[in-house]
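K.L.:
Here it is, the structure in full.
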């Protein structure tokens with residue numbers, strides 16, 4: 553069970569070929585260039601990709617970083633309501649992954 557569009561990621565798995573991983577949520581053209589979109593779904597999709605290619609430890613580091621950020625730092629998962637910019641959220645996740 554996912555927590556909503558701000559954090560949901562999906563994967564289209566092809567056991568015999570290329571698989572695809574993506575954030576779930578659709579487009580939001582009104583936010584283009586405003587640095588307010590929640591990047592966690594895209595980050596989680598990257599974690600799913602890492603797990604799929606056998607990088608379980610790296611995937612777990614991302615999952616733990618996202619969980620920590622959501623529980624400690626991010627006020628709301630909605631665009632423009634996080635209490636920080638898209639860039640700041642990405643930097644925060646990178647900091648938590650690096651520290652793990």
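Numbering (this note's numbering), first residue to last: 553 to 652. Even for Gly, the Cβ is constructed at its ideal location relative to N, Cα and C. All of these numbers come straight from a predicted model, not from anything done at the bench.
Buried or exposed: where does residue 634 fall if 16 or more other Cβ atoms within 10 Å of its Cβ makes it buried?
P.N.:
buried
K.L.:
Specify the secondary structure class of residue 575 as computed by DSSP and reduced to three states.
P.N.:
strand
K.L.:
Here's the rule: buried if 16 or more other CB atoms are within 10 angstroms of the residue's CB, otherwise exposed. What is residue 566?
P.N.:
exposed
K.L.:
Among 622, 591, 626 and 572, which has the Cα closest to the Cα of residue 639?
P.N.:
591
K.L.:
Can you tell which of 593, 647, 569 and 572 has its C-alpha closest to the C-alpha of residue 579?
P.N.:
The option with the nearest alpha carbon to residue 579 is 593.
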